[in-house]
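Residue numbers (my numbering), protein chains in the order written: chain A, 1 to 113; chain B, 1001 to 1113. Beta carbons are placed, not taken as given, at the ideal position from N, Cα and C, and that holds for glycine. It should be emphasised that the depicted structure is a prediction, and the values quoted were computed from it without experimental measurement. Heads up: the structure comes next, in structure tokens.
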Amino acid sequence: KNQVEQSPQSLIILEGKNCTLQCNYTVSPFSNLRWYKQDTGRGPVSLTIMTFSENTKSNGRYTATLDADTKQSSLHITASQLSDSASYICVVSARTGGFKTIFGAGTRLFVKA
Amino acid sequence: DVKVTQSSRYLVKRTGEKVFLECVQDMDHENMFWYRQDPGLGLRLIYFSYDVKMKEKGDIPEGYSVSREKKERFSLILESASTNQTSMYLCASSPASGLDIQYFGAGTRLSVL
């Protein structure tokens, strides 16, 4: 069964600190993995996208890694800011004739001053 | 910038009412999607469309229908709203490319009383 599991469910960190969010998936055959940021009351916005051959991708203070062998991805946030408070959603697509997209439930990050 | 616009941010409807949720995108994308998002469950695909007048069922189509009469507009219809359809509804669009990056609207929070 295709699944995407994220951990932790929620996280509280102090402004300026780093944090890492995890995503484990069982989606097959793998096509790509994306991380989205969703601010409260807004739609998700794409942060990074990685295909099978890529193992790291950066977008400013956000760095995503992908280990296709262990089917794990992480999103590392450096020097967190208050504006990083949001939900972070891991999304994995399977190549199945068309595309099958599976969303994780998200990690809710709170950055406090 | 891609813009996906959902006609309402908040809606309150009564059980049994017919509800229309409208979504418009301005980037000439072929693919459009409707999701619902509930706490702890992540985004679940209701319907998607890959061309005008074409529609495909997603994971949870029961109780919903869709309409795509024009390329830029994708409507979600609740024929007879029920309380278990209270949720956040998100529309997305994507070009017909291999990486299927989806661009999301801001969401419509629907409450069915």
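Own chain, CB closer than 7 Å to residue i, minus 5 neighbours either side, in chain order
i	result
B:VAL1066	TRP1034, TYR1047, SER1049, LYS1055, PHE1074, SER1075, LEU1076 and ILE1077
B:VAL1004	CYS1023, GLN1025, CYS1091, ALA1092, SER1093, TYR1103, PHE1104 and GLY1105
A:THR101	VAL91 and SER93
A:LEU66	LEU33, MET50, GLU54, ASN55 and SER73
B:ILE1101	SER1094
B:GLU1079	LYS1018 and SER1065
B:HIS1029	SER1093, SER1094 and PRO1095
B:GLY1016	SER1080 and ALA1081
A:ILE77	ASN18, CYS19, ARG61, TYR62 and ASP84
A:GLY16	ALA79 and SER80
B:ARG1044	TYR1035, ARG1036, ASP1059 and ILE1060
Residue i classed as buried or exposed, judged by whether at least 16 other C-beta atoms fall within 10 angstroms
i	result
B:ASN1031	buried
A:ASN32	buried
A:ILE12	exposed
A:ALA113	exposed
B:SER1087	buried
A:ALA79	exposed
A:PRO44	buried
A:THR107	buried
A:GLN81	exposed
A:VAL27	buried
A:LEU14	exposed
Contacts around residue i, its chain only, beta-carbon distance under 6 Å, and the 5 residues preceding and following it disregarded
i	result
B:ARG1014	LEU1113
A:ASN59	LEU47 and THR48
B:LEU1021	LEU1076, TYR1089 and THR1108
A:LYS71	TYR25
Beta-carbon proximity check, residue i vs residue j, cutoff 8 Å
i	j	result
A:CYS23	A:GLN3	no
B:GLY1042	A:PHE103	yes
A:GLN9	A:ALA86	no
A:ALA64	A:LYS57	yes
B:LYS1053	B:ARG1068	yes
8 Å Cβ shell around residue i - same chain, five flanking residues per side excluded
i	result
B:ARG1009	ALA1106, GLY1107, THR1108 and ARG1109
Minimum length 4: unbroken alpha helix (DSSP H) runs contained in the segment 83 to 113 of chain A: none
Let me know the beta strand (DSSP E) ranges lying completely inside the segment 8 to 69 of chain A, each 3 residues or longer, listed in chain order. 10 to 14, 19 to 25, 30 to 38, 45 to 51, 56 to 59 and 62 to 67
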